[in-house]
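The structure appears below as structure tokens.
There are 2 protein chains.
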Amino acid sequence: MADELFKALADATRRTILDELAERSGQTLFEICTRLSQKHGLAISRQAVSQHLAVLEAAGLVVSRREGRYKFHDLDAAPLEHLAERWTRPHREDTA
Amino acid sequence: MADELFKALADATRRTILDELAERSGQTLFEICTRLSQKHGLAISRQAVSQHLAVLEAAGLVVSRREGRYKFHDLDAAPLEHLAERWTRPHREDTA
DNA sequence: TTGACATGCAAGTGTCCGCTTACCTATCGT
DNA sequence: ACGATAGGTAAGCGGACACTTGCATGTCAA
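Chains X and S, in that order, give the protein sequences.
Just so it is clear: in the first sequence, position 37 is 37 by our numbering, and no numbers are missing.
Just so it is clear: in the second sequence, position 93 is 193 by our numbering, and no numbers are missing.
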């Protein structure tokens, strides 16, 4: 659970995708591809973005809803809220 | 910078080391090895821990001070303070 | 219905990463 | 000085991961 979360955040492209969804929610796969390419200068294939979104979704950072042939993606920042409290607050025990 | 930070957090063993240093600061390499093995049941070599500490130190999460033949390690939670604000606050642009 | 569009699935590839193994350096006690 | 202790360096291995390539599925407009 926490492992999937940290692993999802470990990749710079995935963090950029989160940035993109934070700025404009409800984007489709192609929209994300286009904006990654144009705004961020990232040359990345559609399939690669699709796989990144799957990882983010498995970590609970992205939720998706399907409408017809479109699939819209939204950021869910809730898992990020208390990410580092484990170390920033006086010691609690937590599972890795 | 942010990349090293997230990469450092991506490994479960390194997160456990941070837990350990949060609970008791100023531990040496051998102390950390011992406690990882005993408290957390992790079978891990000294060299592996040493490499993990190097990664954590490169990320600014651990600072070390040498005294004689001992090297003491301390947690620095400062880089963790505003880790996720990038996504939890209304959008700011940040570099990946 | 047919073609274009949006997405999904899966195998293959190259690279990075965590770990081990083996050896080396430095400091302390006796 | 010598051995023991604490730590450092570097090469090599196996697995995980990001990405590509190729094909399949599903939806909509004309």
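Backbone N, C-alpha and C fix where the C-beta goes; we use that ideal spot for every residue, glycine too.
It should be emphasised that the depicted structure is a prediction, and the values quoted were computed from it without experimental measurement.
I want to verify the contact list: residues of chain S whose CB lies under 8 Å from the CB of residue i, in sequence order.
i	result
X:THR88	ALA177, LEU180, GLU181
X:ASP3	ALA112
Starting from residue i, find everything on chain X with Cβ-Cβ shorter than 7 Å and list it in chain order.
i	result
S:LEU153	None at all; the shortest Cβ gap to chain X is about 15 Å.
List the residues of chain S that residue i touches, going by C-beta distances under 7 Å, in chain order.
i	result
X:LYS71	In chain order: nothing, as chain S lies at least about 21 Å away.
Quick test of your reading: residue i and residue j, contact by CB under 8 Å. State the CB separation rounded to the nearest angstrom.
i	j	result
X:ALA43	X:SER37	7 Å
X:THR13	X:HIS52	6 Å
S:ARG115	S:LEU121	No, S:ARG115 and S:LEU121 are not in contact; Cβ-Cβ is about 11 Å, not under 8 Å.
X:ASP76	X:VAL55	Not really, about 14 Å apart at Cβ, beyond 8 Å.
For residue i, go through chain S and note every residue whose CB falls closer than 9 Å to its CB, in chain order.
i	result
X:LEU18	ARG186, TRP187
X:PHE6	PHE106, LEU109, ALA110, ASP111, ALA112, ARG115
Got a sec? Which residues, its chain only, sit under 8 Å from residue i by beta carbon, not counting five neighbours each side?
i	result
X:GLY26	PHE72, HIS73, ASP74
X:ILE32	ILE17, GLU20, LEU21, VAL49, LEU53, HIS73
S:LEU129	ARG146, VAL149, SER150, LEU153, LYS171, HIS173
X:PRO79	LEU5, ALA59, GLY60, LEU61
S:LYS107	VAL155, ALA159
Thinking C-beta only, is residue j closer than 8 Å to residue i?
i	j	result
S:ALA200	X:LEU83	Given that chain S is displayed from residue 101 to residue 196, the structure contains no residue 200 of chain S and the question cannot be resolved.
Quick one: residues in its chain with C-beta nearer than 6 Å to the C-beta of residue i, no 5 flanking neighbours on either side, listed in chain order?
i	result
S:ARG192	With a pLDDT of 47 at S:ARG192, under the threshold of 50, the modelled position of this residue cannot be trusted; read the value that follows with caution. Correct list: empty, nothing qualifies.
S:GLU104	ALA158, ALA159
S:ASP111	none
Would you mind sorting residue i into buried or exposed? The rule is 16 or more other CB atoms within 10 Å of its CB.
i	result
S:ALA159	buried
S:ARG186	buried
X:ARG65	exposed
S:ARG135	buried
Leaving out five residues on either side along the sequence, give the residues of the same chain with a beta carbon under 7 Å from the beta carbon of residue i.
i	result
X:GLU81	none
S:GLU123	none
X:HIS40	THR16
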